[in-house]
Ligand SMILES: Cc1cc2nc3c(=O)[nH]c(=O)nc-3n(C[C@H](O)[C@H](O)[C@H](O)COP(=O)(O)OP(=O)(O)OC[C@H]3O[C@@H](n4cnc5c(N)ncnc54)[C@H](O)[C@@H]3O)c2cc1C
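Numbering (the UniProt record's numbering), first residue to last: 1 to 368.
Structure, rendered in structure tokens:
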């Protein structure tokens, strides 16, 4: 069996991993594998799932806009329509069941790969959410108590803040090191990398003229060039800095949406959540954590796009011999191992649908 994957971001790479382990011949097309994934904070935090299509999330985005965290420059119209038409509608129970399974599978995959060899700065030391207001902290605590993931968490003191919520079961990694590790493994598994953009023809399953049994579209926000899907881009930024963090665990400032992860040879600072497809650097994330991180030098900075569905759930499914794997928004790394695993199951024909998570793909079939 021959599978061609469009996109070598974290989702495409994990799809290649599970397929190659099954002995499938895999080719990954991407001019720059990993380039648009490595900016991420690398927090493996599937239990911090946010539904996007809720009035409370829209209110949060408006607060972010007032604080300059979020700008709205360009949105996929179909995404807006789907978000508004599903506003405050709860997904079915099976959607949560699948997400819980995906969360566990992803956490376990990173843990297992680190056990084999921890060459990607894997830390299984939890995640702290930092709050400036008591009221928001109380709201956050209440939300966690009602979360369908039933995460373990504890409310803790954080000097200089109203407090924090600590999730002991969450982990984190250095994204660029993980991309190196997985790329090396894929090369050993004889995965073929084509360092170019793919021109997919989804009628005859060819990529740049080469025929495949199955084509996987794992090209993030660019998937809408091939299929009419409600995916929009929320842009964000990552900086690798030399310096020190007052908090030794990874933490997220809830008011500003800035994440900090102190790693072995740098501190990773990420933030920004703008509806924006442009490649310009338009942020000053470092100034938002000056009281918590002492920055000596900025070693590198990068940007990328969160491929967001209207409700935050991934969009995955199979349409004839095309598999779709995208949409996990701000939790792409957290769910990538599970997305790769399920993309491989769909490609191998072990499953034909993932229920609710496949609904937009199933809808394309019925509109054909
Ligand atoms: C600031 C920031 C911080 C984040 N922090 C976290 C975090 O801590 N934890 C977490 O879980 N998630 C995080 N995320 C989200 C996560 O980074 C994304 O969800 C994830 O990178 C999406 O991966 P992807 O493989 O779907 O898409 P991408 O990483 O965008 O990859 C898509 C790839 O497709 C390629 N491509 C596009 N078109 C073509 C074509 N025609 N042919 C070939 N290749 C093509 C592109 O070159 C690209 O490499 C963060 C995001 C941002 C912006």
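For each residue, glycine too, the CB sits at the ideal point set by N, CA and C. Note that this is a predicted model, so its numbers are computed, not measured.
Per the DSSP calculation, residue i is bridged to which residue(s)?
| i | result |
| --- | --- |
| residue 366 | Partner(s): none; residue 366 has no beta bridge. |
| residue 392 | Look at the range of the chain in this structure, 1 to 368, and you will see that residue 392 is not part of it. |
| residue 243 | 295 |
| residue 304 | 236 |
| residue 28 | 5, 193 |
| residue 259 | 252, 270 |
| residue 321 | Per DSSP, none; premise fails for residue 321. |
| residue 172 | 43, 123 |
| residue 210 | 207 |
| residue 164 | 130, 156 |
Within 10 angstroms of the Cβ of residue i, are there 16 or more other Cβ atoms? Answer buried if so, exposed if not.
| i | result |
| --- | --- |
| residue 268 | buried |
| residue 31 | exposed |
| residue 85 | exposed |
| residue 369 | No answer is possible for residue 369: the residues shown for the chain start at 1 and end at 368. |
| residue 177 | buried |
| residue 79 | buried |
| residue 303 | buried |
| residue 349 | exposed |
| residue 15 | buried |
| residue 281 | exposed |
| residue 67 | exposed |
| residue 187 | exposed |
| residue 102 | buried |
| residue 196 | exposed |
Between which residues of its own chain and residue i is the CB-CB distance below 7 Å, once the five residues before and five after are set aside?
| i | result |
| --- | --- |
| residue 166 | 126, 128, 153, 154, 156 |
| residue 92 | 356 |
| residue 49 | 99, 149, 312, 331 |
| residue 61 | 70 |
| residue 242 | 266, 296, 297, 299 |
| residue 310 | 52, 53, 79, 82, 83, 86, 230 |
| residue 121 | 173, 174, 177, 263, 264 |
| residue 38 | 175, 176, 179, 302 |
| residue 226 | 200, 202, 217 |
| residue 117 | none |
Report all residues from its chain with a CB closer than 6 Å to the CB of residue i; omit the five preceding and five following residues, and keep chain order.
| i | result |
| --- | --- |
| residue 224 | 231 |
| residue 130 | 158, 161, 164, 251, 253 |
| residue 277 | 74, 233 |
| residue 292 | 246 |
| residue 137 | 131, 162, 163 |
| residue 2 | 25, 212, 213 |
| residue 192 | 27 |
Measuring alpha carbon to alpha carbon, tell me which residue in the options is nearest residue i.
| i | options | result |
| --- | --- | --- |
| residue 143 | 68, 261, 316, 57 | 57 |
| residue 328 | 46, 15, 13 | 46 |
| residue 43 | 84, 195, 123 | 123 |
| residue 189 | 364, 17, 311, 12 | 17 |
| residue 345 | 316, 274, 51 | 316 |
| residue 347 | 212, 132, 208 | 212 |
| residue 273 | 263, 264, 285 | 285 |
| residue 441 | 306, 239, 310 | Since the first residue of the chain shown is 1 and the last is 368, residue 441 is not available in this structure. |
| residue 206 | 322, 76, 40, 362 | 322 |
| residue 244 | 354, 114, 294, 137 | 294 |
| residue 202 | 193, 217, 195 | 217 |
| residue 40 | 151, 19, 307, 168 | 307 |
| residue 290 | 104, 119, 259, 338 | 259 |
| residue 35 | 305, 204, 338 | 305 |
| residue 146 | 96, 110, 133 | 96 |
Alpha carbon to alpha carbon, how far is residue j from residue i? Give it in angstroms, no decimals.
| i | j | result |
| --- | --- | --- |
| residue 313 | residue 185 | 29 Å |
| residue 25 | residue 6 | 14 Å |
| residue 352 | residue 364 | 14 Å |
| residue 254 | residue 332 | 19 Å |
| residue 340 | residue 236 | 23 Å |
| residue 139 | residue 266 | 33 Å |
| residue 249 | residue 23 | 39 Å |
| residue 162 | residue 220 | 37 Å |
| residue 64 | residue 257 | 8 Å |
| residue 9 | residue 215 | 15 Å |
| residue 247 | residue 160 | 12 Å |
| residue 335 | residue 108 | 11 Å |
| residue 208 | residue 171 | 39 Å |
| residue 194 | residue 324 | 20 Å |
| residue 181 | residue 104 | 21 Å |
| residue 362 | residue 72 | 30 Å |
| residue 169 | residue 261 | 16 Å |
| residue 133 | residue 359 | 38 Å |
| residue 4 | residue 76 | 27 Å |
| residue 113 | residue 342 | 18 Å |
| residue 106 | residue 94 | 18 Å |
Excluding five sequence neighbours on each side, which residues of the same chain lie with their C-beta closer than 8 Å to the C-beta of residue i?
| i | result |
| --- | --- |
| residue 55 | 87, 88 |
| residue 228 | 78, 364 |
Could you tell me whether the Cβ of residue i comes closer than 8 Å to any Cβ of chain B?
| i | result |
| --- | --- |
| residue 288 | No chain B appears in the structure shown, which is made up of a single protein chain. |
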